[in-house]
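Structure record follows, encoded as structure tokens.
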Amino acid sequence: DGGITQSPKYLFRKEGQNVTLSCEQNLNHDAMYWYRQDPGQGLRLIYYSQIVNDFQKGDIAEGYSVSREKKESFPLTVTSAQKNPTAFYLCASRLAGLTYNEQFFGPGTRLTVL
Amino acid sequence: AQKITQTQPGMFVQEKEAVTLDCTYDTSDQSYGLFWYKQPSSGEMIFLIYQGSYDEQNATEGRYSLNFQKARKSANLVISASQLGDSAMYFCAISPLAGNNRKLIWGLGTSLAVNP
Numbered sequence: 011d012g013g014i015t016q017s018p019k020y021l022f023r024k025e026g027q028n029v030t031l032s033c034e035q036n037l038n039h040d041a042m043y044w045y046r047q048d049p050g051q052g053l054r055l056i057y058y059s060q061i062v063n064d065f066q067k068g069d070i071a072e073g074y075s076v077s078r079e080k081k082e083s084f085p086l087t088v089t090s091a092q093k094n095p096t097a098f099y100l101c102a103s104r105l106a107g108l109t110y111n112e113q114f115f116g117p118g119t120r121l122t123v124l
Numbered sequence: 125a126q127k128i129t130q131t132q133p134g135m136f137v138q139e140k141e142a143v144t145l146d147c148t149y150d151t152s153d154q155s156y157g158l159f160w161y162k163q164p165s166s167g168e169m170i171f172l173i174y175q176g177s178y179d180e181q182n183a184t185e186g187r188y189s190l191n192f193q194k195a196r197k198s199a200n201l202v203i204s205a206s207q208l209g210d211s212a213m214y215f216c217a218i219s220p221l222a223g224n225n226r227k228l229i230w231g232l233g234t235s236l237a238v239n240p
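Chains as they are written, first to last, in my numbering: chain Z, 11 to 124; chain W, 125 to 240.
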């Protein structure tokens, strides 16, 4: 089955620690995205990547880092510089092309800082 | 800049009835797309329906249809014959269709509860 997997589903972190969230897709999609969702809020874009070895900052990139070494993988690191990292993190991918191409989402990772 | 406004924080509907979820948008792009997603309590975002700014017909997808009024900048989602499984958060989003970015800008969502 094609899809997007995110792991872990729940993650707990102590203050001051870096943590990496995994996102893998086997849809052969070109573009990948990381979003953050806080309670009662819509999604906010953290980082996105349109091709391997290239990525751009979204609207709230401070305190986060990403890499795109393989087409199918786009891990997100939440660093200790992120002041309020407790949130729900969603990864998405999209097939780049001429038409609109909706974004497909993974199941999400819920990060809690203790 | 693009913006999405969803003015209904919460909605209730009786099972088997139709419900309309409102979405208004603001954009300076000539070519754009409007998306609706469903987010059940599990958290995953599920794509429902898409409307392009140049599409002359309203989009339909099963029980979902879009009431697209371009002059009023609205793209309301209509769910017909509501089912208990439709209880979820619903998000409207907009994206430019020109260029490679295709960033989605999201509204704050509407929580829909379907009553038996």
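All C-beta atoms in this analysis are idealised placements derived from N, C-alpha and C, irrespective of residue type, glycine included.
{"Check": "Could you say which of W:G186, W:S155, W:D210, W:T234 lies nearest to K194 of chain W if we only look at CA atoms?", "Outcome": "W:S155"}
{"Check": "Residues of chain Z with CB closer than 8 Å to the CB of S189 of chain W, please, in chain order.", "Outcome": "The contacting residues do not exist; S189 of chain W stays about 17 Å from chain Z at best."}
{"Check": "Would you tell me roughly how many angstroms separate the C-alpha atoms of S157 of chain W and L100 of chain Z, rounded to the nearest one?", "Outcome": "Note on residue identity: the sequence assigns Gly, not Ser, to residue 157 of chain W. Looking at the two C-alpha atoms, the distance is approximately 21 Å."}
{"Check": "Tell me, which residues are paired with G157 of chain W by DSSP?", "Outcome": "W:G176, W:S219"}
{"Check": "Within the continuous beta strand (DSSP E) that includes A41 of chain Z, where are the two ends?", "Outcome": "41–47"}
{"Check": "Interface residues of chain W around G12 of chain Z at Cβ under 8 Å?", "Outcome": "Under the 8 Å cutoff, chain W gives no residues; its nearest Cβ is about 14 Å from G12 of chain Z."}
{"Check": "Does the distance from the CB of S325 of chain W to the CB of D153 of chain W come in under 9 Å?", "Outcome": "Nothing about residue 325 of chain W can be read from this structure; chain W reaches only from 125 to 240."}
{"Check": "Listing by chain order, which chain W residues have their CB less than 8 Å from the CB of R104 of chain Z?", "Outcome": "R226"}
{"Check": "Under three-state DSSP, which class holds L37 of chain Z?", "Outcome": "coil"}
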